[in-house]
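A.B. asks: A single structure is presented below for examination.
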Amino acid sequence: MNKSKIAFYRIANGVIIALSIGYCNILYGEEAPLPSFSPERIHKHITYMASKETDGRLTGGDGSDKAARYIEEIYSKYGLEPAGKYSGYFQPFEIKTRHLSSKNHFSIGTHKFELKRDFIPLYFSGEGEVSGVTSLANSGLKMEDYKNCQGKIAVVLGNTPVGDENRNELIIKKIELAQEGGVKGLIIAVKSADVLYNDLTTFPEFIHPAYLKRWQSQHPSMTDTLLEIKTTSTIAKFKMPSIKIPVLMFVWEKPVEGLSVDMKVRFDDMAIKGKNIIGLIKGKSDEVIIIGAHYDHLGKDGEGNIFYGADDNGTGIAALLEIASSLSKVKNKLKRSVLFIVFDGEEWGLQGAKAYVNNPVFPYEKTIAMLNMDTIGRNKPDAIYILGSLRNPDLKRLNDRVNEEVGLKLLDTIEFAFDHGSDHYPFYEKGIPSIDYTSSYHEDFHRVTDTVEKVNIDKVSKVAELIFRVAYEIATTDIKFDKPKEVYVPFPKK
Numbered sequence: 216m217n218k219s220k221i222a223f224y225r226i227a228n229g230v231i232i233a234l235s236i237g238y239c240n241i242l243y244g245e246e247a248p249l250p251s252f253s254p255e256r257i258h259k260h261i262t263y264m265a266s267k268e269t270d271g272r273l274t275g276g277d278g279s280d281k282a283a284r285y286i287e288e289i290y291s292k293y294g295l296e297p298a299g300k301y302s303g304y305f306q307p308f309e310i311k312t313r314h315l316s317s318k319n320h321f322s323i324g325t326h327k328f329e330l331k332r333d334f335i336p337l338y339f340s341g342e343g344e345v346s347g348v349t350s351l352a353n354s355g356l357k358m359e360d361y362k363n364c365q366g367k368i369a370v371v372l373g374n375t376p377v378g379d380e381n382r383n384e385l386i387i388k389k390i391e392l393a394q395e396g397g398v399k400g401l402i403i404a405v406k407s408a409d410v411l412y413n414d415l416t417t418f419p420e421f422i423h424p425a426y427l428k429r430w431q432s433q434h435p436s437m438t439d440t441l442l443e444i445k446t447t448s449t450i451a452k453f454k455m456p457s458i459k460i461p462v463l464m465f466v467w468e469k470p471v472e473g474l475s476v477d478m479k480v481r482f483d484d485m486a487i488k489g490k491n492i493i494g495l496i497k498g499k500s501d502e503v504i505i506i507g508a509h510y511d512h513l514g515k516d517g518e519g520n521i522f523y524g525a526d527d528n529g530t531g532i533a534a535l536l537e538i539a540s541s542l543s544k545v546k547n548k549l550k551r552s553v554l555f556i557v558f559d560g561e562e563w564g565l566q567g568a569k570a571y572v573n574n575p576v577f578p579y580e581k582t583i584a585m586l587n588m589d590t591i592g593r594n595k596p597d598a599i600y601i602l603g604s605l606r607n608p609d610l611k612r613l614n615d616r617v618n619e620e621v622g623l624k625l626l627d628t629i630e631f632a633f634d635h636g637s638d639h640y641p642f643y644e645k646g647i648p649s650i651d652y653t654s655s656y657h658e659d660f661h662r663v664t665d666t667v668e669k670v671n672i673d674k675v676s677k678v679a680e681l682i683f684r685v686a687y688e689i690a691t692t693d694i695k696f697d698k699p700k701e702v703y704v705p706f707p708k709k
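Listed below in structure tokens is the structure:
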């Protein structure tokens with residue numbers, strides 16, 4: 216072969232290699248730089264989040280505010296910009312809660328019954344005062360059950376088994392049908408006072424003194440505030456209808472038709488102030504990737520012990536801050552912006568995430584993906600669950616490929632199929648590709664024993680590295696993902 220042909224082939228091969236490299240860079244982006252994660256900083260962040268000073272980080276409390284100020288200071292240190300219409304990093308919102316008014320009343324004929332002992336309104340009942348005669352509607356699960364109830368006070372049987380996973384949904388269905396059937400009010404008749412106390416009637420002050428001692432023995436760590444969190448988060452996971460009629464539960468083993476009833480349902484509505492913490496690293500385009508984690512937790516138990524929440528979710532906060540530090544050092548390479556959101560009110564039913572998606576900084580159509588972290592530092596040291604994999608298979612494939620450089624075992628065998636999984640879910644509902652990284656449950660989950668010395672700092676660092684690499688590729692390329700699939704995945708059994 217002559218020298219000119221050799222030279223030609225060398226040039227041609229060089230062009231092909233260069234084009235190949237260029238194509239790969241367009242498709243996959245250049246390899247992510249090594250993140251500058253510090254185990255000492257990670258430990259420091261978690262230690263502060265899970266300290267006596269932050270006092271369990273209860274939404275609206277002084278400890279939560281101190282945690283927020285800590286995060287705000289670090290955002291500023293790393294050069295993150297405030298985003299949206301807010302003057303600083305904080306996005307304020309309110310969590311609406313209800314307390315029982317002393318004006319609630321229920322009587323049959325001349326006999327008055329006692330609130331919380333004999334009857335209790337449902338948390339989402341309509342307010343009002345009505346009088347009328349009772350009309351039996353049997354189970355109340357079919358519209359025909361209400362054919363003789365129009366303009367009357369319907370009575371339905373509330374004897375759905377307490378352990379039935381669909382119990383709450385069935386009760387809500389009865390109420391919707393009753394309202395649609397034109398009733399003035401609804402009584403859900405239950406056989407014992409124990410059934411009065413359920414997820415749909417749990418007010419902070421709901422326990423009657425006659426049952427308090429026994430109830431406290433069964434729930435020794437429960438407080439009014441924890442009850443309020445429990446009920447608010449339970450109600451938040453349902454697609455609640457707009458209920459205008461008064462609805463209450465009443466201990467009535469054998470309901471009778473045609474009795475004269477007076478019922479009044481009144482609440483004192485209250486609001487708890489929360490705040491998300493939003494910081495922006497600006498890219499060159501108008502598109503964005505969101506990285507999130509919640510910072511609130513449960514406050515204290517009934518004996519004054521702090522729910523430290525080191526893993527839930529001090530680990531997610533520490534990872535987010537380290538990712539923000541590393542991405543801020545390569546911001547000149549970012550095509551897309553990266554929005555960091557530290558959510559408040561997650562324990563109350565994803566209230567902070569819902570507040571953001573209802574008032575987004577970036578339009579949904581410009582939001583390429585949402586990566587969330589919640590409880591990432593326990594259980595197997597080399598494995599992490601990616602929730603949302605079945606709904607977002609292309610986003611999961613990106614994680615699989617990038618993970619070849621990290622070496623974690625990525626698990627997709629569980630999914631949270633409903634909206635109290637974590638803060639990624641409200642984004643999924645808006646059609647944004649969204650996943651959540653989690654270690655899942657452990658023996659200290661939502662207990663006062665979730666402390667920093669039990670956290671695997673190396674695992675937190677590795678999960679943070681994975682998310683950094685995924686975020687870097689999304690932010691430096693034109694990669695896009697399909698809309699999330701509507702896949703039903705049953706909640707895993709513990």
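If you're matching positions, the sequence shown starts at 216 in our numbering and goes up one per residue.
Think of the CB as a built atom: it goes at the ideal place given N, C-alpha and C, for glycine as much as any other residue.
Spell out the partners DSSP gives Met478 in its beta bridges.
C.D. replies: Answer is Phe321 and Val345.
A.B. asks: Per DSSP, which residues does His509 bridge with? Please list them.
C.D. replies: In DSSP, His509 forms a bridge with Phe558.
A.B. asks: Please state the DSSP three-state secondary structure of Gly652.
C.D. replies: Per the sequence shown, the amino acid found at residue 652 is Tyr instead of Gly. In this structure, Tyr652 counts as strand in the three-state DSSP scheme.
A.B. asks: Under 8 Å, do Ile492 and Asp270 count as touching if we go by C-beta distance?
C.D. replies: Going by C-beta atoms, Ile492 is not nearer than 8 Å to Asp270.
A.B. asks: May I ask you to report which of helix, strand or coil DSSP gives Ile504?
C.D. replies: Three-state result, Ile504: strand.
A.B. asks: Drop a sphere of 10 angstroms on the beta-carbon of Ser185, count the other beta-carbons inside from all chains shown, and report buried for 16 or more, exposed for fewer.
C.D. replies: Absent from the model: residue 185. The displayed extent of the chain is 216 to 709, so no value can be given.
A.B. asks: For the region 658–667 against the region 524–542, do three or more pairs of beta-carbon atoms, one drawn from each stretch, fall closer than 8 Å, so that the two count as touching?
C.D. replies: Yes: the two stretches touch, three or more of their Cβ pairs being nearer than 8 Å.
A.B. asks: Would Gly592 and His639 be called neighbours here (beta carbons separated by less than 8 Å)?
C.D. replies: For Gly592 and His639, no; Cβs fall outside 8 Å.
A.B. asks: What is the DSSP secondary structure of Leu295, counted as helix, strand or coil?
C.D. replies: Here Leu295 sits in coil by DSSP.
A.B. asks: Would you kindly work out how many angstroms separate the C-alpha atoms of Ala283 and Phe465, rounded to a whole number?
C.D. replies: Cα to Cα, the separation comes out at about 43 Å.
A.B. asks: Where Trp430 and Ala408 are concerned, what is the direct C-alpha to C-alpha distance, given to the nearest angstrom?
C.D. replies: Model confidence at Trp430 stands at a pLDDT of 49, short of 50, so the residue's coordinates are unreliable; what they give is reported in the following sentence. Roughly 12 Å between the two C-alpha positions.
A.B. asks: If you compare alpha carbons, which of Pro575, Ser354 and Glu537 is closest to Leu249?
C.D. replies: Nearest option by C-alpha distance: Glu537.
A.B. asks: Please state the DSSP three-state secondary structure of Gly397.
C.D. replies: Correct three-state label for Gly397: coil.
A.B. asks: Starting from Asn528, trace the beta strand (DSSP E) in both directions and tell me its first and last residue.
C.D. replies: No beta strand (DSSP E) contains Asn528, which DSSP labels as neither H nor E.
A.B. asks: State the DSSP-derived secondary structure class of Gln306, mapped to helix, strand or coil.
C.D. replies: Three-state result, Gln306: strand.
A.B. asks: Could you name the residues that DSSP lists as bridge partners for Thr582?
C.D. replies: DSSP output for Thr582 lists Val503 as bridge partner(s).
A.B. asks: Helix, strand or coil: which one does DSSP assign to Asn614?
C.D. replies: Asn614 falls in the helix class under three-state DSSP.
A.B. asks: Assuming Tyr571 is part of the alpha helix (DSSP H), what are its boundary residues?
C.D. replies: Start and end: Gln566 to Asn573.
A.B. asks: What I want to know is whether the C-beta of Leu495 ends up closer than 7 Å to one or more non-hydrogen atoms of the ligand ATP.
C.D. replies: In terms of ligand content, the structure shown is empty, and the ligand ATP therefore cannot be addressed.
A.B. asks: How should Arg272 be labelled, buried or exposed, when 16 other C-beta atoms within 10 angstroms of its C-beta is the threshold for buried?
C.D. replies: Under this definition Arg272 is a buried residue.
A.B. asks: Check whether the Cβ atoms of Lys546 and Ile505 lie closer than 8 Å to each other.
C.D. replies: Going by C-beta atoms, Lys546 is not nearer than 8 Å to Ile505.
A.B. asks: Assuming contact is defined by CB atoms lying nearer than 8 Å, are Leu513 and Ile444 in contact in what I supplied?
C.D. replies: Yes. Within cutoff.
A.B. asks: What residues in its chain sit with their C-beta under 8 Å from that of Val621, if we drop five residues either side in the sequence?
C.D. replies: The residues are Lys677, Glu680, Leu681 and Arg684.
A.B. asks: Do the region 684–699 and the region 548–564 meet, that is, are 3 or more Cβ pairs less than 8 Å apart?
C.D. replies: Touching, yes, given that three or more Cβ pairs across the two stretches are closer than 8 Å.
A.B. asks: Would you check if the distance between the CB atom of Ile647 and the CB atom of Tyr600 is smaller than 8 Å?
C.D. replies: No.
A.B. asks: Buried or exposed for Pro699, please, with buried defined as at least 16 other CB atoms from any protein chain shown within 10 angstroms of its CB.
C.D. replies: Its Cβ being crowded by 16 or more others within 10 Å, Pro699 is buried.
A.B. asks: Given this structure, state the Cα-to-Cα distance separating Ala686 from Lys311, to the nearest angstrom.
C.D. replies: Distance between the alpha carbons of Ala686 and Lys311 is about 34 Å.
A.B. asks: Suppose the cutoff is 8 Å on Cβ atoms and the five residues either side in sequence are ignored; what does the same chain contact list for Lys318 look like?
C.D. replies: Contacts found: Lys479 and Arg481.
A.B. asks: Is the separation between the beta-carbon of Gly489 and that of Asp589 shorter than 8 Å?
C.D. replies: The answer is no: Cβ separation not under 8 Å.
A.B. asks: If contacts are defined as beta-carbon pairs under 8 Å, then Ser350 and Val370 qualify, I think. What distance do you get, rounded to the angstrom?
C.D. replies: The pair is a contact, with the Cβ atoms about 7 Å apart (cut-off 8 Å).
A.B. asks: For the alpha helix (DSSP H) that contains Phe683, what are its first and last residues?
C.D. replies: Looking at the DSSP string, the run of the alpha helix (DSSP H) that includes Phe683 is Ile672 to Thr691.
A.B. asks: Please report how far the alpha carbon of Gly498 lies from the alpha carbon of Glu296, in whole angstroms.
C.D. replies: Cα to Cα, Gly498 sits roughly 12 Å from Glu296.
A.B. asks: Roughly how many angstroms separate the alpha carbons of Asp697 and Lys624, rounded to a whole number?
C.D. replies: Cα to Cα, the separation comes out at about 24 Å.
A.B. asks: Go ahead and pull the three-state DSSP assignment for Phe633.
C.D. replies: With a pLDDT of 46 at Phe633, under the threshold of 50, the modelled position of this residue cannot be trusted; read the value that follows with caution. Correct three-state label for Phe633: coil.
A.B. asks: Assuming Ile650 and Asn587 are in contact, meaning their beta carbons sit under 8 Å apart, how far apart are those beta carbons, in whole angstroms?
C.D. replies: With a Cβ gap of about 7 Å, Ile650 and Asn587 count as contacting.
A.B. asks: Gly519 to Glu561, Cα distance in whole Å?
C.D. replies: Straight-line Cα distance between these residues: approximately 22 Å.
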